[in-house]
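Here's the structure we're looking at; comments come further down.
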Amino acid sequence: MKTTLSGLGIILSIAFLTFLSSCDDNGENIVDTEAPVIEVEDPVNGEYFPAGEHVHFEGMITDNEGLATFNVNIHNNFDGHDHGRVAATSEDPALIKWSFDESFEIPGNPKNYEAHLHDEIEIPSETMAGPYHFIVQAIDAEGNSTSFQDGSAIELGIYITNDSQPVVDITNLDGDELEIEVDEVFMVEGEVTDPTTGEYEGFHSMEIVLGEEAHEDHDHDHEGGRIAEEHEPLIDFDIEEEDLDNYMIDGKISLTTIFEEIGFTLSQEMKDELAEEEIDHLLLTIRVQDEQGNITVENTDVHIHEE
Amino acid sequence: MADGVWKGPFKITGHVHSSDGETLPGANVKLNNELIAVTDFNGDFRIDGLKQGEYELSFSYIGFDSVKIKVSLVSKDIHLDVNMHEKSERLDEVIVIGDHYKTGRIEQSMTSISVDENFIKSQNSGTLMNSIEKLPGISSINTGVGIAKPVIRGMSFNRVIVLDKGIKQEGQQWGADHGLELDQYDIEQLEIVKGPSSLLYGSDGIGGAIRILPPEIPNVEKISGDAFLTYKSNNDLFGGSVKLEGKKKNYFFRGRVSGQSFGDYTVPASDFTYNGYVLPIYDHKLKNTAGNEIDFSLTGGMVGDNFNTSVTVSNFNQKAGLFPGATGIPREYQLEPDGSNRNIDLPRQLINHLKIISNSILYFDKNWLTIDAGYQFNDRKEEGAPHAHGYQPTPDGNLALGLKLHTLSANVAFNHTISEKVYNIYGFQGQYQENTQEGFEFLLPDFYSKQAGFYAYSELAVSNSLTLNAGLRYDWGNRDIKEHIEPDYSTIEEGDSIVRNGYINRNFNDLSAALGLSFYPSNHLNIKANLGTSFRMPTTAELASNGIHHGTFRHEKGDSTLNSERGIQFDLNFTYTERPFYFSFSPFIGYFHNYIYLSPQTYFSPLPGGGQLYQYRQNDAIFTGFEFTAEWHLTKKLLFRNYTEFVWNKNIDTYLPLPFTPPFSALGELAYDFSAEKKDHKYMAIITYQYFAAQNRVDRNEQTTPGYGLLSAGLKFTYLISGKSINFNLSANNLLNTQYMNHMSRYRLLNLFEQGRNVVLSIQIPL
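Chains as they are written, first to last, in the numbering used here: chain A, 165 to 471; chain B, 12 to 778.
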């Protein structure tokens, strides 16, 4: 009796599962659940856009069945991807933390759509300078959407610049890059100036990071000015407002003084480790925030000197 | 008896022994759910002074299956010979036969599982739902460790009814990140009814009902209690619960205080991938997943000649942190350690649920009337940092979504015994709700809701082996939803405004019916069949929400034209018991008309950063599946157990599965009892492996989840000291520290992993 019963149970279950899987074959193959794919040609990661001008978007959006709409969202990233940075306590009310959010219909549900936005995204001239996120998402005619979960929504980091933000001037460049040598103190010479005068004159904080440059090992193109997040940086130096005075000469921040104090030396051991990973360049990021709230991010390639 | 409750001329005497013939001294004897006697040294008991009538006696003894016997005192005394079987460690050893206190015998034709306090405490998870989700057909939708909502056969949200002492728990069940507000330590007996449950409980009884039964009325004339303490290694959880209860003359009381505090939970991973970035998990700790909970309950009651009545006041208070980025896009800078694994930072949930429940039962000879009334106040606060982007000015404060829900409920049921073969219940249920909202992220408007239902149920014992039942119910409901208008900051003009939702006033009428049978072809086999309809009135969230749901971080929009969701379901249950085997197989199939779900639209939300708009729609859907349970005593000491569950469903309109469908899972467990022959202690070792298949059947824009297996092991010790038991439990969950994602978790959306190895220690001592 019991074997008959459990045998019957197993047969019933198998029959049932077969029935269900056949339902799936008939039903779900015809259902389109594929999300659109977005390729952004312009802007590129790390691109600079002056306030008062336009952000151009050029890209290719494709779908297996038919596209319905895409959305462009731009918002500030002042709280920082890079490190825990609190927004400036003082901000110039004349400047705005600009944001943009607009959806664009794709008429006729095509499978391929070349997106061109040339005049649509105007950056107001009073925009606060600094890092912004540029996000593109798309939905197809069935409601399948790109998502952040699988990285199919595209997020780029761009910079908006203006005339009042801090200016970083490095004077010991070799071409457009810096050199680092084993067993020698890594020196960056030059200064940071703030063009603003009046109530919001001066600097709020500063951060210097030297690390491996993020390379294209994920779905996203993260090239163009991002420190890799998986590795500890070689230099990570924060200066808060109250300590900035120690590095000021004539109202300007002296990079030379800062790098003398950091006194970082690349050891042979570190260099060998980097060479093992086939790394011959590092990235130096200097991030300065002024009293107006503007943020300047200056990225410079650092070449590891070969004997 | 001394307190003069029983005044008749009759007595019941008896002898209690094990199936081996051993006498059982100290066994508890209960009469109509009240502890009335304890067997003496010879295993004998005696109850004097009984009147004519129907009585139910139940016998319990540690390590043995409890026995229930119904007797009818007509003209002479009764002597009983009570034969008790050693416990098979089966969960459903207590099959509630004729649970007089509440609903009578209706569940006879439906698949149900009974679980007691010992089971919940031995599972000892962070929440009630996590403690019972291992059972076949039961799962939970989780947000981290402290927040879990019930799922029965893949049905959740407002499709599962939770009844606490007869009163339906109301706490914004529509939200995926809204957990069940119940103290898991305050549950002594719980019954899960799988299948259509609208007939007795009204709207929302689609997937089934979880009934928390009132604890038994305390012992005679003394104060007793117990204390439970627990520690969990994975998230440094400290928890405890203390109960005291007593009885004096006709009065009794019961009080409990419980609390737990836990830190961030540990995952077997140092990073996760989201938005194309590899994001770090520092020290393997998921930041800000800490929480705490403090609950209490107090009951006072009276046992009269022909009635008993009680009032219970309880409060659940929880503060639970959410992983940063759960309410947005997780960013690396948010994930850096904040110096503490125990702080509860933003975003977080603050939940307080107050309940006042009154239960009364009046006996009229062979009939009885139950009256339950309740008031609940659910106070939900979802806090987060205001979003900087958007056209609106950055709001003050951190309250993103605040909802205050007041619910008044009343249930009356008359249990009418017409003859030995026919038994009826006539009932009424009513509910009134008021909800107000606050916070900077508007989602759900203020509303009033009213519901009333009448039902009649009849049970016919055709023969000793066949019972039939049938029932009919009518419900009316009204949703009165206020208009919500807010200023528009996106235009320069002063005074412009946006109507987020208009005024909605809708009435709903529903008729439901059920038909069932229970048949014993032999002493070993039981076949149950049930055909029932169930319904659910659309919730206010489904009719009127319009905004970014802070907890799910997407724009959810209601549809004021939605109608009631109705289901027709057919369930079978085969149970075969012949030592050393026990098998139970429960297939089910159902069809839903107007099934309500959130459908992704082909356009973006007009709210800045709102992403794709999700709107509630309704379509037909089918669902089917089965549960299977097997138990096999390989030897007298060694038990093998298997639970298997499978749910399959499909939206007939989209031809896609429904979201949050639990994957196929199978559990295998070996339990070895290495107690000596003496009965004053019990040692048990358990090893469990649960396999979860990949869930590849997903709704649009829902990600598939890979399969995984979890190994756990535990030791249990029970010592019996002068009639009271001390329990120790030591277990290790996810023993192999397996890295996995749970398809049913809110954190699945962030590609976050679940808890790694967790060593759990607990002790329960009598006071």
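Glycine included, C-beta positions come from ideal geometry on N, C-alpha and C.
Keep in mind that this is a model prediction, so the values were computed, not measured.
Exercise for review: Give the range of the beta strand (DSSP E) segment to which E638(B) is assigned.
Suggested key: First-last of the beta strand (DSSP E) with E638(B): Q623 to H644.
Practice item. Could you pull out every residue in the same chain whose Cβ sits closer than 7 Å to the Cβ of A472(B), ignoring the five residues on either side in sequence? Key: The beta carbon of A472(B) is closer than 7 Å to those of K432 and T478 in its chain, skipping five residues each way along the sequence.
**Study point:** Nearest-angstrom Cα separation, counted from I450(A) out to M370(A)
**Key:** Their backbone Cα atoms lie some 7 Å apart in a straight line.
Exercise for review: Taking a Cβ distance cut-off of 9 Å, strictly less, list which residues of the region 314–325 of chain A are near chain B, in chain order.
Suggested key: Residues D314, G315, S316, A317, I318 and E319.
Review point. Of the residues that make up the region 287–319 of chain B, which ones have a beta carbon closer than 8 Å to any beta carbon in chain A?
Key: Answer in chain order: G287, Y288, V289, L290 and P291.
Point to revise | Where I4(B) meets chain A, residues with beta-carbon distance less than 7 Å | key: The question about residue 4(B) has no answer, for chain B in this structure spans 12 to 778.
Review point. Can a CB atom of chain B be found closer than 8 Å to the CB of S263(A)?
Key: Residue-level contact by beta carbon holds for S263(A) and chain B, with a gap shorter than 8 Å.
Check your understanding: Interface residues of chain B around S267(A) at Cβ under 9 Å?
Key -> Chain-ordered, the chain B residues with CB closer than 9 Å to the CB of S267(A) read Y614, F615, S616 and P617.
**Study point:** Own chain, CB closer than 8 Å to H692(B), minus 5 neighbours either side, in chain order
**Key:** The beta carbon of H692(B) is closer than 8 Å to those of S686, F728, T729, Y730 and L731 in its chain, skipping five residues each way along the sequence.
**Study point:** Residues that V300(A) contacts on chain B, provided the C-beta gap is smaller than 7 Å
**Key:** Residues of chain B with a Cβ closer than 7 Å to the Cβ of V300(A) do not exist, since the nearest Cβ in that chain sits about 11 Å away.
Exercise for review: If I'm right that N308(A) touches T226(A) with Cβ under 8 Å, what's the distance once you round it to whole angstroms?
Suggested key: Rounded, the Cβ-Cβ distance is 12 Å, inconsistent with contact.
Check your understanding: Straight-line CA distance for Y614(B) to N336(A)?
Key -> Cα to Cα, Y614(B) sits roughly 52 Å from N336(A).
Exercise for review: Using a threshold of 8 Å, state whether the C-beta atoms of G157(B) and E304(B) are closer than that.
Suggested key: Yes, Cβ-Cβ distance for G157(B) and E304(B) is below 8 Å.
Exercise for review: Using a Cβ-Cβ cut-off of 8 Å, state whether T361(A) counts as contacting chain B.
Suggested key: With 8 Å as the cut-off, T361(A) does not count as an interface residue toward chain B.
Review point. Under 8 Å between C-beta atoms, does G307(A) make it to chain B?
Key: At least one CB of chain B lies nearer than 8 Å to the CB of G307(A).
Check your understanding: On the three-state DSSP scale, how would you describe D436(A)?
Key -> Three-state DSSP puts D436(A) in a helix.
Review point. Can the beta-carbon of F546(B) be found less than 8 Å from the beta-carbon of E576(B)?
Key: Taking 8 Å as the Cβ cut-off, F546(B) and E576(B) qualify as a contacting pair.
Exercise for review: Measuring only between beta-carbons, confirm whether T449(A) sits less than 8 Å from chain B.
Suggested key: For T449(A), no CB of chain B lies under 8 Å from its own CB, so it is not counted at the interface with that chain.
Check your understanding: Between the Cα of T588(B) and the Cα atoms of W643(B), K568(B) and I633(B), which residue gives the shortest distance?
Key -> The candidate whose alpha carbon is nearest that of T588(B) is W643(B).
Point to revise | Residue burial classification, I413(A) (beta-carbon count within 10 angstroms, cutoff 16) | key: I413(A) comes out exposed.
Review point. What are the residues that DSSP puts in a beta bridge with W659(B)?
Key: DSSP lists T635(B) as partners of W659(B).
Check your understanding: Does the beta carbon of P532(B) come closer than 8 Å to any beta carbon on chain A?
Key -> It does not: the Cβ of P532(B) has no partner Cβ on chain A nearer than 8 Å.
Point to revise | Contacts that T226(A) makes with chain B (C-beta to C-beta distance below 7 Å) | key: Per Cβ cutoff of 7 Å: no residues; T226(A) is ~16 Å from chain B at best.
Check your understanding: From the DSSP output, which residues share a beta bridge with W487(B)?
Key -> Under DSSP, W487(B) takes part in a beta bridge, and its partners are A463(B) and N520(B).
Check your understanding: Tell me which same chain residues have a C-beta within less than 7 Å of the C-beta of G336(B), skipping the five on either side of it?
Key -> Excluding residues within five positions, the ones whose Cβ falls inside 7 Å are R342, Q345 and L761.
Point to revise | Cβ-Cβ separation, I285(A) to I312(A) (assumed contact under 8 Å), whole Å | key: Note that residue 312(A) is Phe in the sequence shown, not Ile. Separation of the CB atoms of F312(A) and I285(A) is rounded to 21 Å, and the pair is thereby denied contact status at 8 Å.
Exercise for review: Can you have a look at T544(B) and say buried or exposed, based on whether 16 or more other CB atoms are within 10 angstroms of its CB?
Suggested key: It is buried - the Cβ of T544(B) has at least 16 other Cβ atoms within 10 Å.
Check your understanding: Is T449(A) helix, strand or coil by DSSP?
Key -> When secondary structure is reduced to three states using DSSP, T449(A) falls in the strand class.
Check your understanding: Can you list the beta strand (DSSP E) stretches of 3 or more residues lying completely in the region 534–580 of chain B, in chain order?
Key -> If only uninterrupted beta strand (DSSP E) runs of at least 3 residues are considered, those enclosed by the region 534–580 of chain B are 536–547, 557–560 and 565–568.
Point to revise | Nearest to T413(B) (by Cα), restricted to the options L455(B), Q440(B), Q387(B) and A424(B) | key: For clarity, residue 413(B) is Gly in the given sequence; the question names Thr instead. Comparing alpha-carbon positions, the option among L455(B), Q440(B), Q387(B) and A424(B) lying closest to G413(B) turns out to be L455(B).
Review point. Under the criterion of a Cβ to heavy atom distance below 7 Å, does F298(A) qualify as lining the ligand SAM?
Key: In terms of ligand content, the structure shown is empty, and the ligand SAM therefore cannot be addressed.
Exercise for review: Could you say if the region 508–516 of chain B and the region 170–181 of chain B meet the contact criterion of at least three C-beta pairs nearer than 8 Å?
Suggested key: Because the criterion of three Cβ pairs below 8 Å is not met, the region 508–516 of chain B and the region 170–181 of chain B do not touch.
**Study point:** Enclosing beta strand (DSSP E) for I399(A) [first to last residue]
**Key:** Run containing I399(A): I399 to I403, per the beta strand (DSSP E) assignment.
Practice item. Just the C-alpha distance for V352(A) and F423(A), rounded to the nearest angstrom, thanks. Key: Rounded to whole angstroms, V352(A) and F423(A) show a C-alpha spacing of 6 Å.
Exercise for review: Output yes if chain A places a C-beta closer than 8 Å to the C-beta of R164(B); else output no.
Suggested key: No, R164(B) lies away from the interface with chain A (no Cβ there is under 8 Å from its Cβ).
**Study point:** Segments assigned beta strand (DSSP E), at least 3 residues, entirely inside the region 128–197 of chain B
**Key:** Restricted to the region 128–197 of chain B, the beta strand (DSSP E) segments that are unbroken, complete and at least 3 residues in length are 149–154, 158–163 and 171–175, listed in chain order.
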